[in-house]
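Worksheet: one structure, shown below.
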Amino acid sequence: MGSDAQAGTFAVVGLFSKPDAIIAAANTIRPQKLGRLEAYSPYPVHGLDHAIGLGKSRLGALVMGMGVAGALLALLFEWWTSAVDYKLVTGGKPLFSWQAFVPVMFEVTVLFATFTAGLAMLFVFNKLPFFGHPILHSELIKGITRDKLALSIESTSAAFDLDKARTALVEAGADSVEVVPFPVWQSPLSLAGLLRTIGAIFAACVVAGLGIYGAEKMVPIVPPMFHIHDQPKLNAFRESSFFADGKGMRPAVAGTVARGHLPPDFKTPEEAGKILANPLQLTLRVADRGRKVFNDHCAVCHGAVGDGVALLSRAYGGKPANLLASSAREQPDGYLYGVIVLGKNAMSSYAADLDDADRWSAVHYVRILQRAQNAKDEDLR
Amino acid sequence: MSNQAPPSTLVRNLLLAMVLLGAAGAAAVYFRVGADRFWANWILWTLFFLTLGLGNLFLVALERLVGAHWSVPMRRVPERIASLVPLSILLLLVAILGVPALFPWTRPEAAHNPILVAKSPWLNFPFFVIRAAVCALAWILFYRFYVRGSLKQDSDKDPSFTVRARRLAPPFVVVFFFSLTIVAFDWISSLEPEWYSDMFGVYLFAGTFISGIAAMTLGVLFLIRRGRLPEVGSKHYYNLGTLGLAFTVFYAYIGFAQYMLIWYADLPEEVVWFKHRIEGPWQPIALLLPLLHFFIPFFLLIGSAGKSKPKVMRIAALSILVGHFVDLYWLIFPIFGAPQFSWPEVSMACLFLGLGFLQLRRAMGRGADMPVGDPLLAKGLEWQL
Chain A
1393 MGSDAQAGTF AVVGLFSKPD AIIAAANTIR PQKLGRLEAY SPYPVHGLDH
1443 AIGLGKSRLG ALVMGMGVAG ALLALLFEWW TSAVDYKLVT GGKPLFSWQA
1493 FVPVMFEVTV LFATFTAGLA MLFVFNKLPF FGHPILHSEL IKGITRDKLA
1543 LSIESTSAAF DLDKARTALV EAGADSVEVV PFPVWQSPLS LAGLLRTIGA
1593 IFAACVVAGL GIYGAEKMVP IVPPMFHIHD QPKLNAFRES SFFADGKGMR
1643 PAVAGTVARG HLPPDFKTPE EAGKILANPL QLTLRVADRG RKVFNDHCAV
1693 CHGAVGDGVA LLSRAYGGKP ANLLASSARE QPDGYLYGVI VLGKNAMSSY
1743 AADLDDADRW SAVHYVRILQ RAQNAKDEDL R
Chain B
653 MSNQAPPSTL VRNLLLAMVL LGAAGAAAVY FRVGADRFWA NWILWTLFFL
703 TLGLGNLFLV ALERLVGAHW SVPMRRVPER IASLVPLSIL LLLVAILGVP
753 ALFPWTRPEA AHNPILVAKS PWLNFPFFVI RAAVCALAWI LFYRFYVRGS
803 LKQDSDKDPS FTVRARRLAP PFVVVFFFSL TIVAFDWISS LEPEWYSDMF
853 GVYLFAGTFI SGIAAMTLGV LFLIRRGRLP EVGSKHYYNL GTLGLAFTVF
903 YAYIGFAQYM LIWYADLPEE VVWFKHRIEG PWQPIALLLP LLHFFIPFFL
953 LIGSAGKSKP KVMRIAALSI LVGHFVDLYW LIFPIFGAPQ FSWPEVSMAC
1003 LFLGLGFLQL RRAMGRGADM PVGDPLLAKG LEWQL
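Residue numbers (my numbering), protein chains in the order written: chain A, 1393 to 1773; chain B, 653 to 1037.
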């Protein structure tokens, strides 16, 4: 055998018919270091992996690592979404409720672990995609896919010697030995093949699209969820023969007051100024809230500093009150509160937009603006 | 039998001394500390033995049910551990005397508790005793059938027993699940009769099965080390590791599912049971449970290497067994408030551990170490992973 024949050889393969025989053969050939050993079998043979010198698979450790990573990632994400980014109390539970997180952690663990196991097994450890293994072009493959087992000595290592490998396999008791050459490869990626693939995908899209379009046109389709809006229950805007007034809606009993919406016990802002005092203590948080309320609701007309000059007044020529003027400064807090609740002149009531604390915070903020614009000497010290 | 060392009388005498000492301590507990403490310990140990025994009897029947070969050479071990069943039946029948001392639904005040009145068709003393007796009868019949039959097969080599054992396995499994659920609801859950959880029977089954596997593993490894199970190796007990791994996960799943649903719903009458058990003085024990019952065995057994190493298997099995005992303690003892562990528990443990080991030693000497008459034995010995 010349070196040319050796160079074109993928492996020397011996065929065996008993699992015990192939394990014994592998055990005698492995110490001779003739080349990388590989085995082909139609069914799993326990101990064969050890006999051909396969080490411990790293797949298990990888899967464990990724599983743990999945659990931690899920925990991190759940903690961040529910305890940091969007704090929403659910069912009176703490924001960080690990009990509720466990099912998702479990699912993500399984997801990461199974995907790692499947993908790493195929693409990392089995080195797929691999078009056309040389052994598929051999004569032996018919036996391997039925009931025979094959042991191959591959030519990848420098120590590989065709004749020695063949002798070793015969001596180890192989039923037959075959030299498997590298097949002549055809490049799997050609321009024509690529164009054919793209063309086929395009044709499939056209056919599917036209098919669905035609089906939609020709086959009368039942409106989706036909029955869901047609339930026999009573809706607020539906007629009812059950109630005397013939309406489905049950209005609140006369005199009902919604929680937090007690009507004010004053008729005019002046009256409010006499009976009300600001219940909120001025703190940094209250001031911040007041600024937000003022900027969101008041500043469009009264101006960002409260001087009555703002976008809206310039555009429409209205004359909103200058809150910095002495007329506003001398009014009690209750008066300003009363104006917010009842409105004044062209200003309408803001009672529906602002709750009690919002209004009083805004009053505090107006006082802050007034003081800032009329600062005395001692304020600067 | 030929390769067995003669039973040492020293160990037997030590165990007897333990029983006597423990019995003296137990008497002191009964008369000095209180009947309720005595009976709580009694029930704890009775249920521990009962679950170990039934778990192993279930393993024996499971092998017949699914037609497994790998476990045949080791089957004498679960058959011997199942000898805890008759012992615990005896203990359970005695424990009926302690029912009035321990169970609130037996007390006259129960007539004024609307929940207990509504439950009284089930929770009343005569029916309770009838249930216990029917369960005990079923267990002893199946125990005699499986264990005596298998011992008899050693000498007469009658293959028809294997067929009959397979045919009776499905009814046993049904009886096993029903009776174990009754034990869970009657003997544990009704200690706090207002509380109720659908899952509780399954929870006890999970603990029973996993601790049965753990006890069997310890027994098999013990006999292998003594050289009494020749030709049985890691390929056989590897499967015990696999089953153990699967069912620690099952136990954790059931235990957590029960807890999470009750935590989520937050119904006062349900949640208070867990509140006693996971907050305050019981918290360390509640944290110990998942560690012993799940995390330690899970991480020891998840790799293929651990399942074929006797040392790793032994640690995992011990962790599960201790975990199962702590589990039962955690289920029963909160009726006294804070965890009680003092000389009464130690002396009762002495008494029952002595009794249990004496019974196991007696069973260990019975018959050959492998079911030599079983026609499937050869197949089991040459079984490959």
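Even glycine gets a Cβ: it sits at the ideal position worked out from N, Cα and C.
For clarity, every value in this text was computed on a predicted model and none was experimentally measured.
CB contact check: residue i to chain A, cutoff 8 Å
{"i": "S654 (chain B)", "result": "Only weak support is given to the placement of S654 (chain B): the predicted model assigns it a pLDDT of 43, under 50, and the value that follows is read from those uncertain coordinates. Chain A, which has no Cβ nearer than 8 Å to the Cβ of S654 (chain B), makes this no."}
{"i": "W915 (chain B)", "result": "yes"}
{"i": "G955 (chain B)", "result": "yes"}
{"i": "M912 (chain B)", "result": "yes"}
{"i": "F947 (chain B)", "result": "no"}
{"i": "Q805 (chain B)", "result": "no"}
{"i": "L1037 (chain B)", "result": "yes"}
Chain B within 8 Å of residue i, Cβ atoms only
{"i": "V1496 (chain A)", "result": "no"}
{"i": "Q1491 (chain A)", "result": "yes"}
{"i": "D1539 (chain A)", "result": "no"}
{"i": "G1394 (chain A)", "result": "Here the model assigns G1394 (chain A) a pLDDT of 48, short of 50, so the residue's position is not dependable, and the following value carries that caveat. Not one chain B Cβ lies under 8 Å of G1394 (chain A)."}
{"i": "G1462 (chain A)", "result": "no"}
{"i": "G1452 (chain A)", "result": "yes"}
{"i": "G1483 (chain A)", "result": "yes"}
{"i": "H1438 (chain A)", "result": "yes"}
Beta-bridge partners of residue i, as assigned by DSSP
{"i": "K1639 (chain A)", "result": "A:E1631"}
{"i": "K1736 (chain A)", "result": "A:M1739"}
{"i": "F797 (chain B)", "result": "None, per the DSSP bridge assignment."}
{"i": "T1401 (chain A)", "result": "A:P1573"}
{"i": "F1408 (chain A)", "result": "A:L1541"}
{"i": "E1546 (chain A)", "result": "A:A1403"}
{"i": "E1430 (chain A)", "result": "A:S1544"}
{"i": "S1568 (chain A)", "result": "A:L1407"}
Residue environment, residue i, which counts as buried when at least 16 other CB atoms sit within 10 Å
{"i": "D838 (chain B)", "result": "buried"}
{"i": "M1610 (chain A)", "result": "exposed"}
{"i": "G1457 (chain A)", "result": "exposed"}
{"i": "H1756 (chain A)", "result": "buried"}
{"i": "G1011 (chain B)", "result": "The amino acid occupying residue 1011 (chain B) in the given sequence is Gln; Gly does not appear at that position. Buried is the call here."}
{"i": "C787 (chain B)", "result": "buried"}
{"i": "G1017 (chain B)", "result": "exposed"}
{"i": "S802 (chain B)", "result": "buried"}
{"i": "A713 (chain B)", "result": "buried"}
{"i": "C1693 (chain A)", "result": "buried"}
{"i": "Y1435 (chain A)", "result": "exposed"}
{"i": "S863 (chain B)", "result": "buried"}
{"i": "T1077 (chain B)", "result": "In this structure chain B extends from 653 to 1037, so residue 1077 (chain B) is not present and cannot be described."}
{"i": "K959 (chain B)", "result": "buried"}
Chain-order list of residues whose beta-carbon lies under 6 Å from that of residue i (same chain, five-residue window excluded)
{"i": "W995 (chain B)", "result": "none"}
{"i": "G879 (chain B)", "result": "none"}
{"i": "F828 (chain B)", "result": "F710"}
{"i": "Y798 (chain B)", "result": "V712"}
{"i": "S723 (chain B)", "result": "E715"}
{"i": "R1681 (chain A)", "result": "S1753"}
{"i": "L743 (chain B)", "result": "T698"}
{"i": "M1641 (chain A)", "result": "A1628"}
Cβ neighbours of residue i in the same chain (closer than 8 Å, five flanking residues each side left out)
{"i": "Y1742 (chain A)", "result": "H1689, I1732, V1733, G1735 and R1751"}
{"i": "A687 (chain B)", "result": "G750 and A753"}
{"i": "V671 (chain B)", "result": "C1002, L1003, G1006, L1007 and L1010"}
{"i": "L881 (chain B)", "result": "P725, M726, V872, L875, D1021 and M1022"}
{"i": "G1638 (chain A)", "result": "E1631 and S1632"}
{"i": "W847 (chain B)", "result": "S841, E921, E922, V924 and W925"}
{"i": "N1526 (chain A)", "result": "In the sequence under discussion, the amino acid at residue 1526 (chain A) is Pro, which differs from the Asn named in the question. The answer, listed in chain order, is F1402, A1403, V1572, P1573, F1574 and P1575."}
{"i": "D808 (chain B)", "result": "G1025"}
Chain-order list of residues whose beta-carbon lies under 7 Å from that of residue i (same chain, five-residue window excluded)
{"i": "Q1723 (chain A)", "result": "G1665"}
{"i": "G1400 (chain A)", "result": "P1573 and F1574"}
{"i": "P986 (chain B)", "result": "H928, R929 and W934"}
{"i": "T860 (chain B)", "result": "T703, L706, G707 and L832"}
Cβ distance (whole Å) where residue i is taken to contact residue j below 8 Å
{"i": "L1003 (chain B)", "j": "A675 (chain B)", "result": "5 Å"}
{"i": "G1700 (chain A)", "j": "N1714 (chain A)", "result": "4 Å"}
{"i": "F1408 (chain A)", "j": "L1554 (chain A)", "result": "No, F1408 (chain A) and L1554 (chain A) are not in contact; Cβ-Cβ is about 20 Å, not under 8 Å."}
{"i": "A957 (chain B)", "j": "I906 (chain B)", "result": "The Cβ separation is near 28 Å, so there is no contact."}
Residue i beta carbon near the ligand SAH (any heavy atom closer than 7 Å)
{"i": "A1764 (chain A)", "result": "The ligand content of the structure shown is nil, which means the ligand SAH is not present either."}
Contact list for residue i against chain D, beta-carbon separation under 8 Å
{"i": "L873 (chain B)", "result": "The chain labelled as chain D is not found among the protein chains of the depicted structure, namely A and B."}
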